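Participant: Protein chains in written order, with this note's numbering: chain A, 6 to 387; chain B, 45 to 965.
Quick one: this structure, given as structure tokens, is what I'll be asking you about.
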Amino acid sequence: MRRRLLLGSSLLVASALAGAAACGPTLESIAQLSHIRIIGVRKSAPYARPGESVRLHMLWEDVSDASPRDAQPFFAFWCVNPPGGLFAECLAQVPTVPPAFSVGENFIDITVPDDVLRPSPSAPQAPATGSLYVFYGVCAGTLEVAGYPIDPDQGLSGLGGAFGAGGIGGAAAVDDAISEILGELAENGQVGEAFLPRCVDDEGEPLGSDDFVVGYSTVLVFDELRNEHPTILGFEVDGETVFVDCVDESCEEPFDVPELEDCVPGVACFDACDLDGGEGCPEVALRPLIPESVAERDEYAELAFGEDLGEAVWVSYFTDRGRVTGDVRLVNDAVTGWNAGYGTAFLAPSTPGPVRIWAAVRDNRGGVSYARIPGFVRSSEE
Amino acid sequence: MTRSIAGGIALSFALISSFTLSAGAEDAPGAAPQTRSGDTAPSSGAAQGGPRVVPPKLAVYAEPLYPIEAAYSGANGVVQLELTVSEAGAVTEAKVARAGDLGAPFEQAAVEAALALQFEPATVDGTPRSVRIGFAFEFVPPESLRVVDAAPAALEPAAPEPEGQPATTPGQLSGRILLVDGDVPIPGVLLRITDGSGAVRAVSTDEQGRFALPELPAGPYLVQVRAEGFPPLDFREDVAAGEATEVTYRLAAITDEIEVVVEGERPPREVTRRRLERREISRIPGTSGDALRSLQSLPGVARPPGLAGLLIVRGSAPADSETFIDGTDVPLIYHFGGLSSVVPTDMLERIDFYPGNFSVRYGRLQGGVVDVGLRAPRTECLDDKGALTGKDNCFHGMGQIDFIDTRIMLEGPIAGDWKFVVAGRRSWIDMFLRPALEASGSTVTNAPVYYDYQAAVERDRGPDDRLSFRFYGSDDRFETIITNPAASDPGFGGNLRFGTAFTRFQGLYQKRLSKEVNLDAMLSVGTQTLDFGLGGNIKFVLDSLPINMRSEFGFQLHRTAKLNVGLDFQAAPFNLYVRAPPPGRTGEAAPGPLATQVPLEQQTSGTTFRPGWYADLEWQPFRRLRLVPGVRVDGALDTSGVDVSPRINVRYTLVERGQLGPSDVHETVLKAGFGKFSQPPAFQETDEVFGTPGLASNDSYHYSLGVEQRLSQQVRLTVEGFFKDFQNSVSRGPSADGTFTYNNEGRGRVVGLETLLKYDPDDRFFGWVAYTLSESIRQNCATCPAYLFQFDQTHNLVVLGSYRLGRGWEIGARFRIVSGPLATPVAQPPALAAIFSGDAGSYVPVEGAPYSVRLPVFHQADVRIDKHWVFKNFRLTTYLDVQNVYNNMAVEDFVYNFDFSQSAYQTGLPIVPSIGTRGEF
């Protein structure tokens with residue numbers, strides 16, 4: 006193993022060294038919002054228990070030129086403990102639980118099966134665990150599930166409205182519909198992949214990533230272990246606390262930008278930069294206020310590996326105008342601990358007007374919190 | 045008239061005894077008849093305790109006939125021959141070793157006369173033996189054949205002035221003798237000037253390297269330059285009446301031409317062994333003089349991606365090839381994946397590179413072998429111009445510094461036959477990488493730094509009695525906190541820790557136990573540590589105590605057959621801790637971001653024990669045919685497997701040198717090989733947590749067929765086709781539950797053609813053109829679709845050359861054009877290229893067919909300029925090595941935006957100049 010691992014680790018280190026010295030092409034940054042984007046999906050509990058009901062909320066934004074437009078969020082759940090913990094196995098195998106869908110809402114409620122827990126294959130001393138995979142997305146066209154189009158008002162066409170908009174229809178209808186779908190899939194040699202909705206335009210052509218995003222989240226299940234979401238206490242811009250538009254679930258509502266027409270007290274205010282967020286623009290420091298207590302001990306690592314590790318915590322920044330210098334910043338390292346310098350810097354756009362900035366703080370155990378601040382870019386001549 | 049001068053300039057003689065088969069008539073073309081390490085018995089001046097050797101004694105002299113057709117020119121000179129004298133004293137073979145400009149008639153005459161010579165045979169401990177000796181005839185035109193030409197430019201020797209006539213105005217021959225490097229004058233060089241009548245004059249150079257013969261009769265002269273430490277040189281000069289002829293001769297010190305490794309000579313037991321000379325290694329542009337990086341300019345070696353210092357040989361995976369230091373495998377050959385070799389060039393005696401079909405001496409591998417030999421400490425004394433004085437017991441030192449690292453070395457005598465050498469190196473890259481890493485947002489705990497060190501003591505009593513103890517090692521360290529995690533996977537952030545170190549204490553013993561038996565043994569013990577971590581998800585700590593033992597006995601069974609029997613044991617007690625996500629497998633769906641994967645863990649200790657036994661027979665049933673059949677048996681305690689690997693290599697000299705005439709240098713050698721090569725599965729492949737227990741070894745079958753053609757004294761052409769058939773390869777396939785597991789159902793093949801046109805180094809130039817055409821295919825199972833192997837390179841052309849301009853300047857250039865690397869694309873529209881991972885906040889690519897896209901062609905030129913100065917007792921060299929001189933942005937891979945909807949090319953390093961200087965005494 007050592008020879009191959011040595012080669013691999015050497016390559017990684019060489020890449021790190023090369024990355025420090027090399028310049029790559031400039032591509033669209035994850036921090037730059039320009040189309041449909043999912044900011045995050047927050048579970049009611051990062052670690053669930055068997056039999057527990059878990060709600061998943063999705064924060065998504067459509068900042069495309071076509072916005073506002075009819076974009077449909079959706080959720081789909083049919084997969085428990087896929088082989089190898091691979092999400093792709095959910096798409097390659099028959100459903101392990103009856104499929105559940107939610108169309109048109111920003112959330113879904115799922116129930117953790119009672120028999121989900123499995124012992125760790127590599128660490129017998131580790132607590133038994135289970136995993137549920139929930140798929141979701143946002144479509145700016147017409148959704149199709151298993152080849153059936155979803156009417157925003159009528160649900161799945163051709164299935165008698167069994168999968169209605171806004172949630173799942175009556176239990177009997179669902180069972181019948183699923184049985185019918187499963188039968189068709191089996192005949193066609195299809196499996197779970199068919200349950201992943203497609204997004205097509207008016208001509209039936211599949212839409213690309215500007216108009217359609219698909220994602221997944223894992224709900225980890227333990228008997229005893231719990232994990233708390235990170236916490237965002239506020240937001241600082243240039244060392245000053247500013248107004249926060251929303252935090253966590255409150256951000257699920259459709260974005261309602263304050264009708265800012267100028268800088269007002271308490272709101273982040275930036276001077277426009279003729280370089281339009283480019284190198285040379287003044288850097289304005291900003292960061293969410295995150296207490297060090299969010300970095301919990303990783304109990305699973307301690308029980309499974311005997312390692313005293315903390316959570317890995319990082320923050321992702323987003324903006325709809327201008328640019329941030331660091332799109333993802335480390336908040337806490339599992340080994341070396343807290344990084345107080347997790348903030349980033351904002352480089353203002355050239356045109357005055359409102360600007361929106363998001364921060365999503367995640368840990369490596371399924372926890373996430375997000376916050377949003379409104380800001381205003383004033384003319385540099387003011 | 046001719047004269048035998050065998051006693052005067054016969055170079056040496058070497059036994060072709062029954063136990064020195066390899067030094068027989070199959071010896072490499074162009075090789076001087078000098079005793080060669082490991083090939084021959086000692087000369088008459090052998091070390092004490094050796095066999096008592098009596099050289100042959102001339103009994104019947106045969107005078108060669110002066111060629112009548114040469115009478116007009118009055119040519120004179122020496123033809124040096126290589127004679128094989130049988131046990132009966134007869135000359136059974138005569139080859140021309142050197143004839144200057146005399147031409148074929150003189151060579152023919154010398155050979156014919158030599159075959160008529162009779163000797164009292166040589167004896168070894170009283171027993172007559174066949175030997176090879178040097179012998180020379182000096183040709184002087186007989187008076188009866190001299191032709192006087194009225195033309196002033198005639199080349200006839202000066203005719204004696206008739207008595208009573210006024211003497212013809214004499215001419216003058218004068219000049220300087222300089223070192224090739226630096227044009228430094230060489231004092232004390234003896235010049236032997238022979239005129240047409242055979243009269244000899246002698247003169248030595250003064251402190252300025254000048255000589256002068258003011259009163260020379262007009263006519264042609266043979267000027268022989270003889271200086272210890274320099275190869276003998278002969279020149280032909282014409283002295284005109286009343287004129288001064290000024291000449292300048294430049295000599296290259298033998299010390300600068302010490303053969304570290306020479307490419308292309310016939311290996312004794314392998315089909316192909318690539319070798320490079322020290323000058324080539326240190327002067328190949330783009331390598332900064334690094335020995336192992338120079339291997340990448342040879343045919344059969346693919347260009348590795350970017351900074352990765354991988355050795356990709358004949359379409360095999362990097363892990364299929366291994367590097368040894370005098371038979372001991374070392375865990376890495378490059379610092380930080382390719383910056384420089386872990387053993388500096390200065391410490392090398394040789395690099396043997398076997399691209400395939402290697403002999404049974406090496407096993408557990410199915411790629412190629414690099415066996416590096418550390419050199420013996422030097423104690424020869426040099427004069428203040430850097431030339432050998434013939435004395436011993438002197439100390440030498442060296443210091444070198446460039447942008448990457450600095451190194452020092454000291455060597456010299458200890459007592460008696462014992463010598464020592466110590467050397468060390470430390471990198472400087474932390475000086476400039478620390479700010480670069482910090483500027484990129486990282487907190488650098490330990491800036492990247494590497495060390496390596498070597499120490500050796502050696503008792504050298506000749507090739508048949510050598511005892512050496514070495515201690516060497518390497519240490520690479522790097523630790524940082526990546527505070528800007530990758531947007532594509534925040535798991536690639538946080539604490540990045542990398543440390544690898546190894547030490548080896550090694551003993552070598554080579555001894556001729558008797559006339560028929562020799563022993564070559566090596567034992568090494570050492571330590572090995574690999575410590576790698578990334579955040580909390582990846583941790584790998586390996587501590588092991590590798591023990592290697594090699595021992596080979598050679599038995600001379602018959603004049604035509606030698607049996608080699610050896611063992612090759614590896615054992616390594618180890619402690620291992622691994623915490624890592626399940627390894628990704630080709631063809632398997634992406635597991636999602638590292639940041640969200642639940643790692644697996646393995647903590648284990650034990651001992652790997654892999655014994656190997658081998659035997660091969662060097663059999664030469666005919667002078668031109670050489671067969672080396674062999675078999676190797678390997679065991680592996682950790683996998684409970686036994687591998688039996690039969691192999692055979694064949695060489696046939698189709699056209700011998702000299703076959704078409706005494707001055708013919710052409711030689712044609714056909715070569716072929718076949719063998720089985722088995723390699724045990726890697727640890728993680730059989731581990732119960734990360735892999736699949738019960739796997740068998742990978743098997744491959746190597747076939748090769750080629751021809752070596754010497755086109756001239758300096759130019760050789762080698763063409764070799766190869767084919768590798770991979771069977772029972774460890775592969776990956778879906779199991780019943782849908783996950784991928786390892787199995788032995790993999791298949792594959794590599795087919796290729798290597799061509800090398802090489803100009804061997806001479807006083808001024810060396811260079812070559814190497815071209816490899818190949819295709820490397822893999823299949824995950826017999827019925828699975830075939831795909832191009834990750835490191836497949838269809839075309840690989842390397843052109844390089846280096847030329848000494850004089851006055852210490854040397855300039856070289858290398859140009860490479862190579863098929864672009866392979867990349868795995870992401871799904872193309874209308875399919876989504878990636879899926880969002882809500883837990884990581886990043887996107888997981890939906891990959892297309894593995895390695896199905898060929899990136900643009902790689903091409904790059906490198907230039908190197910050296911300047912060499914020689915001072916009194918000190919030599920200084922400065923170089924400028926510019927990689928990628930026209931700043932081509934070579935494409936190494938794709939890079940994508942956050943959701944893989946945009947892509948661009950990731951390019952490699954831009955133009956990289958490197959300046960270094962080196963001083964030595």
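A virtual CB, placed ideally from N, CA and C, is assigned to each residue, including glycine.
Because the structure is a prediction, the values reported are computed rather than measured.
Under 8 Å, Cβ to Cβ, is there at least one residue of chain B near Val218 (chain A)?
Facilitator: If you number the first sequence from 1, residue 218 (chain A) lands on position 213. Yes - at least one Cβ of chain B is within 8 Å of the one on Val218 (chain A).
Participant: What residue range is occupied by the uninterrupted beta strand (DSSP E) comprising Cys204 (chain A)?
Facilitator: Translated into positions along the first sequence, residue 204 (chain A) becomes position 199. Bounds of the beta strand (DSSP E) holding Cys204 (chain A) are Arg203 to Val205.
Participant: Which residue wins for smallest C-alpha separation from Phe965 (chain B), given the options B:Asn917, B:Leu953, B:Asp937 and B:Ala948?
Facilitator: Mapped onto the second sequence, residue 965 (chain B) falls at position 921. Looking at the Cα atoms, B:Asn917 is the closest of the given residues.
Participant: Assign Pro957 (chain B) to one of two classes, buried (16 or more other C-beta atoms within 10 Å of its C-beta) or exposed (fewer than that).
Facilitator: Counted from its first residue, the second sequence places residue 957 (chain B) at position 913. Counting Cβ neighbours within 10 Å, Pro957 (chain B) comes out exposed, since fewer than 16 surround it.
Participant: Taking the C-alpha atoms as reference points, what is the distance between Pro348 (chain B) and Ala365 (chain A)?
Facilitator: Position 304 of the second sequence, counting from 1, holds the residue named residue 348 (chain B). Position 360 of the first sequence, counting from 1, holds the residue named residue 365 (chain A). Roughly 39 Å separates the two Cα atoms.
Participant: When DSSP builds the beta bridges, which residues end up paired with Asp276 (chain A)?
Facilitator: Along the first sequence, one-based indexing puts residue 276 (chain A) at 271. Asp276 (chain A) pairs with A:Arg383.
Participant: Would DSSP call Thr868 (chain B) helix, strand or coil?
Facilitator: The sequence position of residue 868 (chain B) within the second sequence is 824, counting from 1. It is coil, neither helix nor strand.
Participant: Nearest by alpha-carbon distance to Asp910 (chain B): which of B:Ile855, B:Val862 and B:Gln904 is it?
Facilitator: Translated into the one-based positions of the second sequence, residue 910 (chain B) becomes position 866. Here the closest residue by C-alpha is B:Ile855.
Participant: Output, in chain order, the set of chain A residues within a Cβ distance shorter than 9 Å of Gly333 (chain B).
Facilitator: Position 289 of the second sequence, counting from 1, holds the residue named residue 333 (chain B). Going along chain A, no residue has its Cβ under 9 Å from Gly333 (chain B), so there is no contact; the nearest lies around 20 Å.
Participant: Considering Glu149 (chain A), what are the terminal residues of the beta strand (DSSP E) in which it resides?
Facilitator: Stepping through the first sequence from its first residue, residue 149 (chain A) is reached at position 144. From DSSP, the beta strand (DSSP E) with Glu149 (chain A) extends over Thr147 to Val150.
Participant: State the CB to CB distance for the pair Ala166 (chain B) and Val98 (chain B), rounded to an integer number of angstroms; the pair is presumed to be in contact (CB under 8 Å).
Facilitator: Position 122 of the second sequence holds residue 166 (chain B). Position 54 of the second sequence holds residue 98 (chain B). Confirmed, Cβ separation roughly 6 Å.
Participant: Thinking Leu125 (chain B) and Ala153 (chain B) are a contact (beta carbons under 8 Å), I'd like their distance in whole angstroms, please.
Facilitator: To locate residue 125 (chain B), count along the second sequence from 1; it is residue 81. To locate residue 153 (chain B), count along the second sequence from 1; it is residue 109. In fact, because the Cβ distance is near 11 Å, the residues do not count as touching under 8 Å.
Participant: For Leu454 (chain B), which residues of its own chain have a beta-carbon under 6 Å away from its beta-carbon, when the five flanking residues on both sides are left out?
Facilitator: In the second sequence, counting from the first residue as 1, residue 454 (chain B) sits at position 410. Hits under 6 Å: Gly441 and Val466.
Participant: Indicate, with yes or no, if the ligand MN has a heavy atom lying under 7 Å from the CB of Asn742 (chain B).
Facilitator: What this structure holds is no ligand at all, so the ligand MN is not there to describe.
Participant: Following the continuous alpha helix (DSSP H) through Pro100 (chain B), name the residue where it begins and the one where it ends.
Facilitator: As a first step, residue 100 (chain B) is located in the second sequence; it is residue number 56 there, counting from the start. From DSSP, Pro100 (chain B) is part of no alpha helix (DSSP H); its letter is neither H nor E.
Participant: Using a Cβ-Cβ cutoff of less than 8 Å, which residues in the same chain neighbour Thr961 (chain B) once the five nearest sequence positions on both sides are dropped?
Facilitator: In the second sequence, the residue the question calls residue 961 (chain B) occupies position 917. Cβ within range, chain order: Gln444, Ile445, Asp446, Leu920, Thr921, Thr922 and Tyr923.
Participant: Near Ala976 (chain B), which residues of its chain fall below 6 Å by C-beta distance, leaving aside the five closest residues on each side in sequence?
Facilitator: Summary: the structure shown does not reach residue 976 (chain B), with chain B confined to residues 45 through 965, and so no result is reported for it.
Participant: May I have the straight-line CA-CA distance separating Val379 (chain B) from Tyr815 (chain B), to the nearest angstrom?
Facilitator: By one-based count along the second sequence, residue 379 (chain B) stands at place 335. By one-based count along the second sequence, residue 815 (chain B) stands at place 771. First, the residue type needs correcting, since residue 379 (chain B) is His and not Val in the sequence shown. So the two alpha carbons sit approximately 28 Å from each other.
Participant: According to DSSP, simplified to helix, strand and coil, what is Pro778 (chain B)?
Facilitator: In the second sequence, counting from the first residue as 1, residue 778 (chain B) sits at position 734. Strand.
Participant: Could you run through the segment 945-965 of chain B and flag, in chain order, every residue whose CB is less than 9 Å away from some CB of chain A?
Facilitator: Ser945, Gln946, Ser947, Ala948, Tyr949, Gln950, Thr951, Gly952, Leu953 and Pro954
Participant: For Ala545 (chain B), go through chain E and note every residue whose CB falls closer than 8 Å to its CB, in chain order.
Facilitator: Protein chains A and B are contained in the structure displayed, whereas chain E is not.
Participant: If you reduce the DSSP assignment to three classes, tell me which class Ala376 (chain A) lands in.
Facilitator: By 1-based counting over the first sequence, the position of residue 376 (chain A) is 371. Three-state DSSP puts Ala376 (chain A) in a strand.
Participant: Spatial neighbours of Trp663 (chain B) within its chain, please: C-beta separation below 6 Å, excluding the five flanking residues on both sides.
Facilitator: For the purposes of this step, residue 663 (chain B) is identified with residue 619 of the second sequence, where counting begins at 1. If we look at Trp663 (chain B) and ignore the five residues flanking it on each side, its Cβ neighbours are Ala605 and Leu671.
Participant: For Asn742 (chain B) and Ser773 (chain B), which I take to be in contact (beta-carbon distance under 8 Å), what is that distance rounded to the nearest angstrom?
Facilitator: The sequence position of residue 742 (chain B) within the second sequence is 698, counting from 1. The sequence position of residue 773 (chain B) within the second sequence is 729, counting from 1. Indeed, because the Cβ distance is near 5 Å, the residues count as touching under 8 Å.
Participant: Quick one: is Gln703 (chain B) buried, meaning 16 or more other Cβ sit within 10 Å of its Cβ, or exposed?
Facilitator: Position 659 of the second sequence, counted from the first residue, corresponds to residue 703 (chain B). With fewer than 16 Cβ atoms within 10 Å of its Cβ, Gln703 (chain B) is classed as exposed.
Participant: At a cut of 8 Å, does the segment 560-572 of chain B reach the segment 372-383 of chain A through at least three beta carbon pairs?
Facilitator: no
Participant: Under 8 Å by Cβ, that's how I've got Leu336 (chain B) and Val413 (chain B) pegged, so tell me the actual separation to the nearest angstrom.
Facilitator: One-based indexing of the second sequence puts residue 336 (chain B) at position 292. One-based indexing of the second sequence puts residue 413 (chain B) at position 369. Not a contact, Cβ separation roughly 13 Å.
Participant: Could you compute how far the alpha carbon of Gln946 (chain B) sits from the alpha carbon of Glu208 (chain A)?
Facilitator: Within the second sequence, residue 946 (chain B) is the residue found at index 902, counting from 1. Within the first sequence, residue 208 (chain A) is the residue found at index 203, counting from 1. Taking the straight line from one Cα to the other gives about 25 Å.
Participant: Suppose the cutoff is 6 Å on Cβ atoms and the five residues either side in sequence are ignored; what does the same chain contact list for Arg925 (chain B) look like?
Facilitator: Looking up residue 925 (chain B) in the second sequence gives position 881. Per the sequence shown, residue 925 (chain B) should be read as Asp rather than Arg. For Asp925 (chain B), where only same-chain residues beyond five positions count, the Cβ hits under 6 Å are Ser332, Arg908 and Ser958.
Participant: Just checking: is the beta-carbon of Gly346 (chain A) within a distance shorter than 8 Å of some beta-carbon in chain B?
Facilitator: The count along the first sequence starts at 1 and reaches residue 346 (chain A) at position 341. Yes, Gly346 (chain A) counts as interfacial toward chain B.
Participant: Given that a residue counts as buried once 16 or more other Cβ atoms are within 10 Å of its Cβ, and exposed if not, what is Glu182 (chain B)?
Facilitator: Position 138 of the second sequence, counted from the start, is the residue given in the question as residue 182 (chain B). So Glu182 (chain B) counts as buried.
Participant: Quick check: the segment 348-357 of chain A against the segment 313-332 of chain A, are there 3 or more CB pairs under 8 Å?
Facilitator: yes
Participant: Rounded to the nearest angstrom, what separates Pro51 (chain A) and Val102 (chain A) at their Cα positions?
Facilitator: In the first sequence, residue 51 (chain A) corresponds to position 46, counting from 1. In the first sequence, residue 102 (chain A) corresponds to position 97, counting from 1. Each residue's Cα considered, the two are about 21 Å apart.
Participant: Mind checking the segment 38-59 of chain A against chain B and listing, in chain order, the residues whose C-beta falls within less than 7 Å of any C-beta there?
Facilitator: Ile43, Gly45 and Val46
Participant: Cα separation between Pro805 (chain B) and Ala500 (chain B)?
Facilitator: Walking along the second sequence from the start, residue 805 (chain B) turns up at place 761. Walking along the second sequence from the start, residue 500 (chain B) turns up at place 456. If I take the Cα positions, the gap works out to 30 Å.
Participant: Does chain B have any CB closer than 8 Å to the CB of Pro379 (chain A)?
Facilitator: Walking along the first sequence from the start, residue 379 (chain A) turns up at place 374. No, Pro379 (chain A) lies away from the interface with chain B (no Cβ there is under 8 Å from its Cβ).
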